[in-house]
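S.K.:
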Amino acid sequence: MTYEMRASRTRPSRQNGYFKAGLARVPAGPGSWQTVENLELATLGWVHWHNIQRLQGYLGEIPPAEFEDTFYAGQTTSTQLVGIK
Numbered sequence: 331m332t333y334e335m336r337a338s339r340t341r342p343s344r345q346n347g348y349f350k351a352g353l354a355r356v357p358a359g360p361g362s363w364q365t366v367e368n369l370e371l372a373t374l375g376w377v378h379w380h381n382i383q384r385l386q387g388y389l390g391e392i393p394p395a396e397f398e399d400t401f402y403a404g405q406t407t408s409t410q411l412v413g414i415k
């Protein structure tokens, strides 16, 4: 039994189409996997690439995870407790 990414019968969302197009290019196989586990591993690989390795033009050609880390590193936190009176 093989598992394939099939086109939706309804109009897919933009992100869903982007995901399917990207997953079809994963080295594990062009849209066909032998087991559900293989499909899950390919999906995890795509999510890792999308969040950790992909350079995002809107973020200054850096990966989204790096942008997020830089953003939160610049935030200051207060250790003062806030109470309700």
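Here our numbering runs 330 ahead of the position in the sequence shown, where the first position is 1. All C-beta atoms in this analysis are idealised placements derived from N, C-alpha and C, irrespective of residue type, glycine included.
(1) For I392, name the three-state secondary structure that DSSP assigns.
(2) Just the Cα atoms here: how many angstroms apart are F349 and W379?
(3) If distances are taken between C-alpha atoms only, which option among I414, L369, A403 and F397 comes closest to N381?
(4) So N368 is in the alpha helix (DSSP H); what residue range does that whole segment cover?
(5) If you draw a straight line from the C-alpha of W376 to the C-alpha of G404, how long is it?
M.R.: Let me lay it out:
(1) strand
(2) 11 Å
(3) F397
(4) V366 to H378
(5) For W376 and G404, the distance between alpha carbons rounds to 29 Å.
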